[in-house]
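Protein chains: 2
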Amino acid sequence: MIQYILLGFLNYQPMTGYDLKRALDHSTGHFWHAYHSQIYTTLRQMEKDGLVTSQFVMGEGQPDRRTYTITEQGREMLSVWLSRPLTEAVSVKEELLVRLFFSGQRSNESILAELTVQREIHQQKLAEYRKMQQEMEEQAKCLPLPSLQRDSVFWMATLKMGMRYEQAYLDWLSETIQTVQSL
Amino acid sequence: MIQYILLGFLNYQPMTGYDLKRALDHSTGHFWHAYHSQIYTTLRQMEKDGLVTSQFVMGEGQPDRRTYTITEQGREMLSVWLSRPLTEAVSVKEELLVRLFFSGQRSNESILAELTVQREIHQQKLAEYRKMQQEMEEQAKCLPLPSLQRDSVFWMATLKMGMRYEQAYLDWLSETIQTVQSL
DNA sequence: CAGTCCATGTAAGTAGTTACATGATTGC
DNA sequence: GCAATCATGTAACTACTTACATGGACTG
Numbered sequence: 251m252i253q254y255i256l257l258g259f260l261n262y263q264p265m266t267g268y269d270l271k272r273a274l275d276h277s278t279g280h281f282w283h284a285y286h287s288q289i290y291t292t293l294r295q296m297e298k299d300g301l302v303t304s305q306f307v308m309g310e311g312q313p314d315r316r317t318y319t320i321t322e323q324g325r326e327m328l329s330v331w332l333s334r335p336l337t338e339a340v341s342v343k344e345e346l347l348v349r350l351f352f353s354g355q356r357s358n359e360s361i362l363a364e365l366t367v368q369r370e371i372h373q374q375k376l377a378e379y380r381k382m383q384q385e386m387e388e389q390a391k392c393l394p395l396p397s398l399q400r401d402s403v404f405w406m407a408t409l410k411m412g413m414r415y416e417q418a419y420l421d422w423l424s425e426t427i428q429t430v431q432s433l
Numbered sequence: 251m252i253q254y255i256l257l258g259f260l261n262y263q264p265m266t267g268y269d270l271k272r273a274l275d276h277s278t279g280h281f282w283h284a285y286h287s288q289i290y291t292t293l294r295q296m297e298k299d300g301l302v303t304s305q306f307v308m309g310e311g312q313p314d315r316r317t318y319t320i321t322e323q324g325r326e327m328l329s330v331w332l333s334r335p336l337t338e339a340v341s342v343k344e345e346l347l348v349r350l351f352f353s354g355q356r357s358n359e360s361i362l363a364e365l366t367v368q369r370e371i372h373q374q375k376l377a378e379y380r381k382m383q384q385e386m387e388e389q390a391k392c393l394p395l396p397s398l399q400r401d402s403v404f405w406m407a408t409l410k411m412g413m414r415y416e417q418a419y420l421d422w423l424s425e426t427i428q429t430v431q432s433l
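Line by line, the protein sequences are chains L and A. Residues 251 to 433 (our numbering) are what the first sequence spells out, left to right. Residues 251 to 433 (our numbering) are what the second sequence spells out, left to right.
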């Protein structure tokens, strides 16, 4: 998966591993994240596979940078991946639900403490997403290229899902906290 | 993680790898799934680590079964894990959002086809969860042990989150389908 | 002069997936 | 006879995480 994400970003412009890490953190981070170690090793592998090329520039004063550029083959691969729709359910992994499922032996206080911390975490995330949405809406007004305007519709859509998810989580946490309090 | 799930189930009663696979599929499956290969290898490792013991019974007529039983050490480990609350955000991985994020170059038809299939998938999941909830509510009425009644509150809570998640997903899919249609 | 940002990498380990492999029983 | 269910495992691989490793520039 991380390959396609990197190709997706490099399809806009050449970037370094560091740039890609930041791009991931600031945009796709809420639905797919990666450590820099994985990004750097994957980029190297992708270069071997002919999906990207790299230019190493020794920085005078600044740090050295290795800039990656997508190849025709890389574009092709991204395009093929995007054209084959996802027709199966993807599996979700939710550690908190695992914990709650087996919480019969725990005290109510212990569970409530955990749920309350989680509520704070998800409240913070929702606030972040709202801020990101506002920033994006402002930027969208003055986008130069119509092609990027189209892209921004999809970026916004993923953010909206992020917000719906956090809202659903918060509602559920409140409901569950109430349930546990009344036990 | 899978270790704790297996311990969680074995904490109720001794079970075989096969039983555990089914238990996972029918209950925790919607928030954590595992292949049988991982379950069998993990159980073997857990036996080496002293968290479980196994009894092999050659079946006459029936297939052979290896039944695993949790040890005191296993119970202790489960208990410690449950007592240390989750205080960090867990990372979400949503392939569909990755795809949508990079869908600027795709045709509206291609995107709509994918979103529509996804809507069907999530509608089906929601229906499944509703059915499971009804079954669980009926079972909960005639549960023998009060301790299992307490457990069932938490099982129900995880199901409720599943339903909220699917509902949020469906609402978002409908919204996004409308957005793309109006492009 | 301590901490953060820029910038790149490797090594080792854990977790998870896919494929291979076997074989009996039950129901249609 | 064919498919599904019961039942257990191994091997190979891919993906992901954690830790180690370095070093200059800028900021307070």
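Cβ coordinates follow ideal geometry from the N, Cα and C atoms, glycine included. Because the structure is a prediction, the values reported are computed rather than measured.
The beta carbon of L/R369 sits closer than 6 angstroms to the beta carbons of L423 from its chain, once the five residues preceding and following it are set aside; these are given in chain order.
Between the beta-carbon of L/V307 and that of L/T317 there is about 7 angstroms, and that keeps the pair under the 8 angstroms contact cut.
Rounded to the nearest whole angstrom, the CA to CA distance from A/I289 to A/K271 is 7 angstroms. By the Cβ-count criterion, A/V340 is exposed, with fewer than 16 other Cβ atoms from all chains shown falling within 10 Å of its own Cβ. Bounds of the beta strand (DSSP E) holding A/F306 are 302-307. Spanning the alpha carbons of L/R414 and A/A418 requires a straight line of approximately 6 angstroms.
One finds L332, S333 in chain A with Cβ atoms closer than 8 angstroms to the Cβ of L/R356, taken in chain order. Per DSSP, the continuous beta strand (DSSP E) segment holding A/R315 begins and ends at 315-320.
Contact between L/F281 and A/V302 does not hold, since the beta-carbon distance rounds to 36 angstroms and is not under 8 angstroms. Annotation for L/R315: T266, Y268, F306, V307, G309 place their beta carbon closer than 8 angstroms to its own, counting only its chain and skipping 5 residues before and after. In the three-state scheme derived from DSSP, where H, G and I count as helix and E and B as strand, A/T278 is classed as helix. The C-alpha of A/L256 lies about 40 angstroms from the C-alpha of A/L362. For A/G258, the C-beta contacts it makes with chain L under 8 angstroms involve V348, F351, F352, in order along the chain. For A/Q383, no chain L residue has a C-beta closer than 9 angstroms to its own C-beta; the minimum C-beta separation is roughly 14 angstroms.
Any Cβ of chain A closer than 8 angstroms to the Cβ of L/S287 would place that residue at the interface, and such an atom is absent. Taking C-beta atoms as the reference points, L/Q373 and L/L420 count as a pair closer than 8 angstroms.
Identification of residues in the stretch 263-288 of chain A having a C-beta nearer than 8 angstroms to some C-beta of chain L yields S277, T278, H280, F281, W282, H283, given in sequence order. In the structure shown, L/M265 adopts extended strand secondary structure according to DSSP, grouped into three states. Annotation: L/S277 to L/H283 spans about 10 angstroms, alpha carbon to alpha carbon. Remark: C-beta atoms of A/G324 and A/L260 approach each other more closely than 8 angstroms.
Within the stretch 363-398 of chain A, no run of alpha helix (DSSP H) at least 4 residues long lies entirely inside it.
For L/R294, the enclosing alpha helix (DSSP H) begins and ends at 286-298.
Interface with chain A (8 angstroms Cβ-Cβ cutoff): L/L393 is excluded.
Residue A/Y262 holds the alpha-carbon nearest to the alpha-carbon of L/G354 among A/M251, A/I371, A/Y262, A/V430. Taking a Cβ-Cβ cut-off of 7 angstroms, the neighbours of L/M411 in chain A comprise L347, W422, given in sequence order.
Minimum Cα-Cα distance from L/E378 among the listed residues L/E388, L/G412, L/S357, L/R294 corresponds to L/G412.
Straight through space, the alpha carbons of A/T366 and L/P394 are spaced by roughly 31 angstroms. The C-beta of A/R356 has 16 or more other C-beta atoms within 10 Å across all chains shown, which makes the residue buried. At least 8 angstroms separates the beta-carbon of L/L336 from that of A/E416. Exclusion of the five residues before and after L/T321 leaves G300, L301, V302, T303 as the residues of its chain whose Cβ lies within less than 7 angstroms of its Cβ.
Looking at L/M406, L/Q399, L/E364, L/S402, the one whose alpha-carbon comes closest to that of L/R380 is L/M406.
DSSP places L/V348 inside the alpha helix (DSSP H), whose first and last residues are 345-351. About 5 angstroms separates the CB atoms of A/L350 and L/F404; that is less than 8 angstroms, so the two are in contact. Within the same chain, and ignoring the five residues on either side of A/L328 in sequence, the residues whose Cβ sits closer than 7 angstroms to its Cβ are Y254, L257, G258, N261. Between L/N358 and L/L293, the CB-CB gap reaches or exceeds 8 angstroms.
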